[in-house]
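K.L.:
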Amino acid sequence: MKFLSGHLGYALGDEHLRRNVSGLLKYIAFLLAVITVYSVLFHVIMEQAEGQQHSWVTGFYWTLTVMTTLGFGDITFASDLGRAFSVLVLISGVVLLLIVLPFAFIRYFYAPWLEARLRVRAPRAVAEDVRDHVIICAWDDVARALSVRLDTEGVPWTVLEEDGPTATEMVLDGIPAVRGPVDDVETYVGVGAARARLVVVNRDDLTNANIALTIREVAPDVPLTALVEDAHSVDVLELGGCNQVLALKRRLGEQLANRVNAGHTQAHVIGRYRDLLIAEFSTHETPLAGKTLAEAGFRGIAGVNVVGVWDRGAMHPPRPDLILTAKSLPVITGSQDAIDRLNEFLYIYDTNWNPVVIIGGGKVGRAAARNLRERQIPVHMVEKNPELAARIGDLPERLVMGDAANREIMREVGVDTAPSILLTTNQDATNIYLASYCRRLNPEAHIVSRITHGRNVKSVHRAGADLTLSYTELATETLLGMLHGRPPVVLGAGLGFHKLPCPRGLEGRSLGEAGIGRRVGLTVVGVERPDGDIDTEPGRETVLEKGAVLLAMASREQVNAFHEAYGG
């Protein structure tokens with residue numbers, strides 16, 4: 000539907016075609032008038048020459064069946080006048096409906112529409128007044144996710160596409176594409192690279208190096224961020240002119256490793272905005288399990304603020320009566336000192352010192368194993384592909400080659416007693432299967448899964464995963480952090496960190512009066528005042544000043560609901 004509306008929109012924007020459509024509509028009106036006249040004459044002749052009376056619906060029915068040559072024969076004339084009238088209706092119907100109407104439609108609508116579509120071409124340049132925009136060098140899953148967030152935040156963006164027809168289809172679908180070779184200096188002149196806020200270089204590693212060198216000829220100062228598959232390409236792209244080079248698979252492995260529940264209990268920082276830190280920790284094997292948030296007294300213990308609680312993949316709002324379970328993962332905010340105080344409280348509680356099990360020895364799995372090894376957490380790994388054995392080397396304390404679906408192999412690797420299990424294969428279906436399988440083998444394990452497509456997040460949680468993190472989600476949050484000059488805040492499960500200017504309707508009201516969480520579901524984790532200070536512990540009594548910025552943890556749907564409910 001979106002594709003068709005895009006094509007019609009471009010076609011109907013042509014003045015000549017609009018005149019043709021107007022003429023076609025006039026002909027259709029004339030045709031309807033003829034059908035109406037014939038229906039009236041049908042009633043007159045039937046009544047005067049045949050002595051029969053019929054309804055108006057019957058009159059239109061008879062006229063259309065005769066004009067279209069269907070001729071069912073259920074209603075006929077017996078008089079010569081009636082039969083002559085039937086012949087007239089038949090001949091005029093053949094001419095008007097079967098000859099003239101198709102010709103008029105093709106000549107005055109379809110052919111001009113097709114011609115207008117063929118004339119549409121993706122532009123080779125953006126408008127001169129476009130600036131502070133984001134340029135994306137390829138339209139992939141990361142670009143799609145990033146574009147949605149940029150639209151939400153009101154940041155202009157454009158995407159490069161070398162293939163002309165593909166670029167045209169993108170434009171017709173509402174994607175602001177610019178066509179041109181990615182290795183041509185003129186392409187980046189046309190796309191306004193020198194005026195851009197950020198360029199995302201997200202093709203293959205070899206092409207990325209060429210793009211970076213080409214852009215630097217016309218835009219020596221524009222920030223360039225490259226996404227690479229191979230960590231060995233980082234140095235090459237940095238020498239080529241990229242300000243930031245992200246080996247995202249390595250980062251994804253590190254982020255997954257940060258979510259394991261092993262060794263001493265402690266809060267793991269998952270994001271930072273200036274002095275505000277966002278962290279999460281497990282209540283497993285701590286006296287907090289079984290208590291409500293009010294009874295846990297996090298503010299009294301360390302001065303941290305609970306902004307949500309993960310439980311089996313679901314984020315629960317921080318109600319005072321919410322009961323923490325052994326599987327709960329409270330998400331907290333506070334200063335570095337507050338997080339340190341909480342870690343001092345948690346340190347004496349041990350979760351499980353058995354090895355963490357990683358299933359999958361690819362780039363993500365190896366990065367996770369390397370991170371855990373640096374933290375002195377023992378790791379066992381399962382890998383099916385024997386060609387990866389040399390690359391894995393001695394990263395895990397124990398490597399078992401074989402299929403993770405084999406129960407004996409899973410027992411050999413110690414999945415029955417593992418505190419945490421990381422699923423790092425690059426197939427969502429495999430990770431969903433493994434999440435269900437591992438949950439049956441070890442109901443108490445903390446299962447963290449990699450995911451590729453956001454549509455599969457709920458499925459892997461239903462299968463038994465406690466937390467998920469996707470490649471595209473990590474890339475999007477990392478790029479947004481660079482765009483806004485802050486570290487990325489990676490929450491998982493479609494939740495992101497958002498800066499929301501205080502709408503006019505909320506100025507002077509307290510958070511309790513506004514009822515933001517109750518009304519739209521997002522969680523306010525901090526309030527940045529007009530003078531730049533940040534309230535890291537906002538409560539119901541916190542008053543929203545004019546010019547304040549809400550720091551929120553929310554999904555895209557919740558942000559849209561916020562704008563609809565409060566404006567701004």
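Numbering-wise (numbering that gives the first Met the number 0), the sequence shown opens with residue 0 and increments by one.
Here a beta-carbon is modelled for each residue, glycine too, at the ideal position from N, C-alpha and C.
(1) Tell me which residues share the same chain as Ala-564 and place their Cβ nearer than 7 angstroms to its Cβ, disregarding the 5 neighbours each side in the sequence.
(2) Quick one: what's got a C-beta closer than 7 angstroms to Pro-316's C-beta in the same chain, skipping five residues either side?
(3) Helix, strand or coil for Val-199, going by three-state DSSP, please let me know.
(4) Nearest to Val-158 by alpha carbon, out of Thr-62, Gln-375, His-267, Gly-189?
(5) Kindly list the residues whose CB is nearer than 7 angstroms to the CB of Gly-81, restricted to its own chain and excluding five residues on each side of it in sequence; keep chain order.
(6) Short of 7 angstroms in beta carbon distance, which residues of its chain neighbour Val-122, apart from the five on each side in sequence? Order them along the chain.
(7) Alpha carbon to alpha carbon, how far is Tyr-470 from Thr-477? Give it in angstroms, no decimals.
(8) Measuring CA to CA, which of Asp-140, Gly-514, Tyr-348, Asn-207 is closest to Glu-540?
(9) In terms of residue numbering, what span does the alpha helix (DSSP H) encompassing Ala-388 cover?
(10) Mapping DSSP to helix, strand and coil, what is Tyr-348?
(11) Return the chain-ordered list of same chain residues with a C-beta closer than 8 angstroms to the C-beta of Ile-533, the five sequence neighbours on each side being excluded.
(12) Around the C-beta of Trp-61, are 16 or more other C-beta atoms found within 10 angstroms, so that it is buried, or is it exposed?
(13) Out of curiosity, what's the CA-to-CA distance linking Gln-254 and Ala-110?
(14) Would you check if there are 3 or more beta carbon pairs closer than 8 angstroms linking the region 353-360 to the region 368-388?
(15) Please return the same chain residues whose Cβ sits closer than 8 angstroms to the Cβ of Arg-568, not counting the five positions on each side in sequence.
(16) Where does Pro-578 sit, in a helix, a strand or coil, going by DSSP?
(17) Terminal residues of the continuous beta strand (DSSP E) containing Asp-465?
(18) With C-beta atoms as the reference, is Gly-92 less than 9 angstroms away from Thr-68?
(19) Helix, strand or coil: which one does DSSP assign to Leu-223?
(20) Within 8 angstroms, do at least three Cβ pairs link the region 280-291 to the region 322-333?
(21) Under three-state DSSP, which class holds Asn-353?
(22) Quick one: what's got a C-beta closer than 7 angstroms to Val-278's C-beta in the same chain, skipping five residues either side?
(23) Rounded to whole angstroms, what's the CA-CA distance from Ala-261 to Asp-402? Just pull it up for me.
(24) So what does Tyr-272 bridge to, in DSSP terms?
(25) Does the distance from the CB of His-132 to the CB of Val-147 come in under 9 angstroms?
(26) Roughly how many angstroms lie between the CA atoms of Ser-85 and Ala-32, to the nearest whole one?
(27) If you follow the beta strand (DSSP E) that Glu-160 is in, where does it begin and where does it stop?
(28) Could you give the C-beta distance for Ala-633 and Gly-191, rounded to a whole number, given that I count them as a contact under 8 angstroms?
(29) Would DSSP call Trp-138 helix, strand or coil?
(30) So for Gly-495, helix, strand or coil by DSSP?
(31) For the alpha helix (DSSP H) that Pro-101 lies in, which residues bound it at each end?
(32) Check whether the Cβ atoms of Ala-208 and Val-181 sit closer than 9 angstroms, and answer yes or no.
(33) Only counting runs of 4 or more residues, tell me where the alpha helix (DSSP H) segments fall wholly within the region 291-317, in order along the chain.
(34) Would you list the residues sitting across from Ile-44 in a DSSP beta bridge?
(35) With Met-400 and Ala-389 assumed to form a contact (beta carbons below 8 angstroms), what rounded beta-carbon distance in angstroms separates them?
(36) With a threshold of 16 other CB atoms inside 10 Å of the CB of Gly-484, please say whether the residue is buried or exposed.
P.N.:
On the basis of the data shown:
(1) Position 565 of the sequence shown holds residue 564. Once the five neighbours on either side are set aside, the close Cβ partners of Ala-564 are Arg-518, Val-519.
(2) In the sequence shown, residue 316 corresponds to position 317, counting from 1. The residues are Gly-307, Gly-516, Thr-522.
(3) By 1-based counting over the sequence shown, the position of residue 199 is 200. Val-199 falls in the strand class under three-state DSSP.
(4) Your numbering for residue 158 matches position 159 in the sequence shown. For Val-158, the nearest C-alpha among the options comes from Gly-189.
(5) For this step, residue 81 is matched to residue 82 along the sequence shown. Excluding positions up to five away in sequence, the list reads Ile-44, Ala-48, Glu-49.
(6) As a first step, residue 122 must be located in the sequence shown, where it is residue number 123. Note that residue 122 is Pro in the sequence shown here, rather than Val. Once the five neighbours on either side are set aside, the close Cβ partners of Pro-122 are Val-177.
(7) Locating residue 477 in the sequence shown gives position 478, counting from the first residue. Locating residue 470 in the sequence shown gives position 471, counting from the first residue. Cα to Cα, Thr-477 sits roughly 11 angstroms from Tyr-470.
(8) Here residue 540 is taken as the residue at index 541 of the sequence shown, counted from 1. Minimum Cα distance to Glu-540 is reached at Gly-514.
(9) As a working mapping, residue 388 is identified with position 389 in the sequence shown. Its alpha helix (DSSP H) spans residues 388-391.
(10) Counted from its first residue, the sequence shown places residue 348 at position 349. In the structure shown, Tyr-348 sits in coil (DSSP, three-state: anything other than H, G, I, E or B).
(11) On the sequence shown, residue 533 is found 534 positions in, with the first residue counted as 1. Only Tyr-272, Arg-273, Asp-274, Leu-275, Gly-525, Val-526, Glu-527, Leu-550 meet the Cβ criterion.
(12) As a working note, residue 61 is residue 62 in the sequence shown. Buried, since its Cβ has 16 or more Cβ neighbours within 10 Å.
(13) Here residue 254 corresponds to residue number 255 of the sequence shown, with the count starting at 1. Here residue 110 corresponds to residue number 111 of the sequence shown, with the count starting at 1. Gln-254 and Ala-110 have their alpha carbons spaced roughly 55 angstroms apart.
(14) yes
(15) In this structure the chain extends from 0 to 567, so residue 568 is not present and cannot be described.
(16) In the structure displayed, the chain extends from 0 to 567; residue 578 sits before or after that span and is not available.
(17) One-based indexing of the sequence shown puts residue 465 at position 466. It is not in any beta strand (DSSP E) - Asp-465 carries neither H nor E in the DSSP assignment.
(18) As a working mapping, residue 92 is identified with position 93 in the sequence shown. As a working mapping, residue 68 is identified with position 69 in the sequence shown. Yes. Within cutoff.
(19) Start at 1 with the first residue of the sequence shown, and residue 223 comes out as number 224. If DSSP states are grouped into helix, strand and coil, Leu-223 belongs with the strands.
(20) yes
(21) Position 354 of the sequence shown, counted from the start, is the residue given in the question as residue 353. Three-state result, Asn-353: coil.
(22) Translated into the one-based positions of the sequence shown, residue 278 becomes position 279. The sequence given here has Ala at residue 278, not Val. Only Ala-266, His-267, Val-268, Ile-269, Ile-331, Ile-338 meet the Cβ criterion.
(23) Start at 1 with the first residue of the sequence shown, and residue 261 comes out as number 262. Start at 1 with the first residue of the sequence shown, and residue 402 comes out as number 403. Answer to the nearest angstrom: the Cα atoms are 25 angstroms apart.
(24) The sequence position of residue 272 within the sequence shown is 273, counting from 1. According to DSSP, which records beta bridges pairwise, Tyr-272 is partnered with Leu-275.
(25) If you number the sequence shown from 1, residue 132 lands on position 133. If you number the sequence shown from 1, residue 147 lands on position 148. Going by C-beta atoms, His-132 is not nearer than 9 angstroms to Val-147.
(26) Taking the sequence shown and counting its residues from 1, one reaches residue 85 at position 86. Taking the sequence shown and counting its residues from 1, one reaches residue 32 at position 33. The straight-line gap from Cα to Cα measures roughly 17 angstroms.
(27) Looking up residue 160 in the sequence shown gives position 161. First-last of the beta strand (DSSP E) with Glu-160: 156-160.
(28) In this structure the chain extends from 0 to 567, so residue 633 is not present and cannot be described.
(29) For the purposes of this step, residue 138 is taken as residue 139 along the sequence shown, with counting starting at 1. In the structure shown, Trp-138 sits in coil (DSSP, three-state: anything other than H, G, I, E or B).
(30) As a first step, residue 495 must be located in the sequence shown, where it is residue number 496. Reduced to three states, the DSSP call for Gly-495 is strand.
(31) The residue you call residue 101 lines up with position 102 of the sequence shown. Per DSSP, Pro-101 belongs to the alpha helix (DSSP H) from 100-104.
(32) By 1-based counting over the sequence shown, the position of residue 208 is 209. By 1-based counting over the sequence shown, the position of residue 181 is 182. Using a Cβ distance threshold of 9 angstroms, Ala-208 and Val-181 do not count as a contacting pair.
(33) Entirely contained in the region 291-317, the alpha helix (DSSP H) runs reaching 4 residues are, in chain order, 292-295, 297-301.
(34) What you label residue 44 is simply residue 45 of the sequence shown in a count that begins at 1. Its beta-bridge partners do not exist; DSSP assigns none.
(35) Here residue 400 refers to the residue found at position 401 when the sequence shown is read from its first residue. Here residue 389 refers to the residue found at position 390 when the sequence shown is read from its first residue. With 8 angstroms as the limit, Met-400 and Ala-389 do not qualify as a contact, their Cβ atoms being about 12 angstroms apart.
(36) Looking up residue 484 in the sequence shown gives position 485. Result: exposed.
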